[in-house]
Every structure is written in structure tokens, then in C-alpha cells.
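In UniProt numbering, the protein residues as written are 1 to 345.
Ideal Cβ positions, reconstructed from N, Cα and C, are used throughout, including at glycine.
Given below as C-alpha cells:
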């Protein structure tokens with residue numbers, strides 16, 4: 001009898017093969033929930049993100065890692081920001097600088113990884129796996145960032161979110177519509193705790209050459225405190241990780257530090273109620289980018305009472321599908337938290 005009960009518990013939902021026919025992306029993903037492997041996980045990831053967007057008093061944090069903007073993903077992230085399917089962005093510096101090349105009117109090009117890179121160097125073409133860009137266009141982007149940064153000479157130290165909010169305003173005034181500009185318009189804080197590892201770092205060095213004594217200090221401890229306070233003001237949080245790296249752990253650590261900041265309590269954590277990770281990294285190498293959400297439970301970053309979905313998939317496949325799912329399934333988000341206080345403190 002016990003075995004029969006266990007069998008019934010384990011075999012309660014039949015798998016359903018997908019019938020080919022006319023359907024929306026949301027309908028396709030809903031059907032994929034009843035299949036297997038990473039197709040099912042991709043569908044569950046989309047569903048979890050949608051649930052977070054429909055939940056009350058929930059702040060959605062997006063970790064945006066790597067150099068994905070070069071593949072055109074920046075427009076999807078920009079849309080997610082504009083529609084407030086994310087409330088906070090934690091990004092590499094690359095993703096929020098390399099989008100500006102396209103936003104400035106220049107191009108990335110369909111390339112190939114099967115090419116002589118010494119030839120590309122002679123031709124002044126940069127390669128991102130199978131994507132090409134002209135060196136001169138990349139330098140124009142860095143010089144534009146340097147022009148903005150020059151206006152901040154000798155200002156008081158600020159967080160990267162405050163810095164990027166000012167940059168978003170500057171870009172908006174010049175009709176350069178990228179991720180940071182969209183975040184400025186939407187009131188979405190963008191943190192980049194390793195921002196110098198990108199065109200922003202080069203822009204700083206350009207200004208050090210242009211103007212001896214040039215000084216600009218970004219306070220990454222202030223970054224961390226601001227993110228912790230954002231988490232502390234909301235009942236629940238959702239963590240969406242596109243890749244891993246610094247953006248992932250920065251968001252994860254916000255869950256464990258709220259009660260340290262507010263009460264001096266290092267033992268209590270506030271796990272993310274919703275968590276989604278899209279990654280191609282594997283957990284058995286021990287690195288953060290492949291670390292599972294299950295592992296995060298041991299730190300109090302995630303919880304069994306919440307919903308966590310790990311999908312091993314190329315982000316350039318997953319992100320377009322999930323974004324269209326959100327558009328079709330959720331439409332307009334109604335419970336958008338107001339984070340304007342971040343820029344007035």
C-alpha cells in the first residue's frame with residue numbers, strides 16, 4: 001500500500017508531447033512545461049519570472065553578466081527595464097557600455113569564430129566570438145563616456161548607481177537610447193560593482209591623460225549598502241541571473257546582509273522568494289557562475305519556501321523567448337516598486 005501511494009505521488013502528471021501548429025511563444029512555453037530537460041526548465045523560468053512580476057511588494061533584481069549586449073540582447077534588457085519587469089539591474093560594465101555603440105548609430109556585424117585573429121588585428125576589427133565591431137566605433141563609445149565623465153571631475157564619491165543615473169540623464173538629453181538611459185527614465189537603479197573592467201575604465205584613463213589631476217571616485221561599498229536597503233524595504237525579492245559572475249553574487253549577498261545592517265544580526269537572512277538562473281556553466285567546477293540555487297540555500301540566499309529554477313541554456317536563446325512570454329502572459333506590470341529614493345539619499 002505504501003509503495004502504491006509513493007508511485008501515485010511520483011507519477012501524477014503525464015508528460016505531453018508538443019503538437020506543431022499555430023501558437024504564441026507563451027503558449028509554446030506553457031506546453032514545454034510538460035516536456036523534459038532544459039526545455040521544461042526554460043518554461044518554468046519564464047513562469048517564475050512572471051509570478052514575481054505579478055506579486056505584491058516584490059522587488060525584481062536582474063543580474064546581467066558577460067558581454068551579451070554585443071549580440072543584440074541589450075534591446076531586450078532595455079525593454080525589460082522600460083516595462084519594469086526588472087526593478088534593479090546589476091550589470092557588468094561591458095553590457096552597459098557596449099550597447100551604446102548601437103545606440104550611437106554604429107553597428108555590430110555578423111562574423112565568425114573561424115578566422116585569423118591576427119588578420120582582424122591588422123584590419124582593426126574586434127571579435128566577440130562570432131560578432132565583429134570596428135575598433136574605431138568602439139573607441140568612439142569610450143571617448144563619449146569619457147566626455148560625460150569629465151563633467152564629474154572632483155565630485156564627491158558616489159555609488160555606481162548614482163553615477164549611472166547621472167549618465168542616463170546625460171544620454172537622454174542627447175537622444176542616445178540604451179539600457180542606462182532607459183533606466184534613468186524608468187527610475188531603475190543600475191549597479192555595476194566592477195565597472196572599471198570595461199570601457200568605463202578606459203574612459204577614466206582617457207581623462208587622466210586629458211586633464212592632469214582629474215579625479216572621480218566610485219564607492220562600491222555604497223553600492224552594496226544601497227542594494228541591501230532596497231532589499232530591506234520590500235517583503236519579497238526576485239533574483240534573475242543571466243549568467244553569473246559579479247552581478248550574481250552581488251545580488252545574492254543582498255539577501256544575507258539586511259539584518260546585519262538593520263539589527264546587527266549576522267544569523268538571520270532574507271532569502272529571495274523567486275530565483276531564476278540562466279547559465280551555461282556547470283556546478284561541478286566549483287565556480288560561482290555554475291553554482292546551483294540549491295547551493296544558495298545553505299547560505300540563506302534562497303529558500304525551499306520560495307520558487308527557484310535553474311536552466312542550463314545559452315542566454316541568447318533563453319532571454320528573447322522569456323521576454324516575449326512576459327509580454328504575452330503578463331502584459332503590463334501593476335505592482336512596480338518606487339525606488340526614486342535611491343537617487344535622493
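Judged by DSSP secondary structure, residue 160 falls within the alpha helix (DSSP H) whose first and last residues are 160-173.
Note: residue 308 is bridge-paired with 275 in the DSSP secondary-structure output. The three-state secondary structure of residue 86, taken from DSSP, is coil. Selection 30, 342 and 308 evaluated against residue 225 yields 342 as nearest (Cα-Cα).
Within the same chain, and ignoring the five residues on either side of residue 131 in sequence, the residues whose Cβ sits closer than 8 angstroms to its Cβ are 70, 71, 108, 109, 110 and 111. Taking 8 angstroms as the cut-off, the beta carbon of residue 200 is found no closer than this to the beta carbon of residue 344. When DSSP reads this structure, residue 63 sits in a beta bridge with 90 and 241.
Residue 152 and residue 196 have their C-alpha atoms spaced approximately 16 angstroms apart. With contacts defined by Cβ atoms closer than 8 angstroms, residue 256 and residue 299 form a contacting pair. A Cβ-Cβ contact shorter than 8 angstroms links residue 276 with residue 309. A distance below 6 angstroms between beta-carbons, with the five flanking residues on each side excluded, links residue 270 to the following residues of its chain, in chain order: 255 and 258.
By the neighbour-count criterion, in which a residue is buried when 16 or more other Cβ atoms sit within 10 angstroms of its Cβ, residue 179 is buried.
With distances taken between CA atoms, residue 189 lies nearest to 91 out of 46, 91 and 99.
With respect to the 8 angstroms criterion, residue 167 and residue 148 are classified as neighbours on the basis of their beta carbons. By the CB criterion at 8 angstroms, residue 307 and residue 48 fall inside the cutoff. Sequence-distant Cβ neighbours of residue 117 in its own chain, meaning closer than 7 angstroms and more than five residues away, are 127. In terms of Cα proximity to residue 18, the closest of 30, 210, 281 and 242 is 30.
As for any alpha helix (DSSP H) of minimum length 4 sitting wholly inside the stretch 10-86, the runs are 25-32, 37-54 and 74-82, ordered along the chain.
Under the three-state reduction of DSSP output, residue 5 falls in the helix class.
Taking all protein chains shown into account, residue 142 has 16 or more neighbouring C-beta atoms within 10 Å of its C-beta and is therefore buried.
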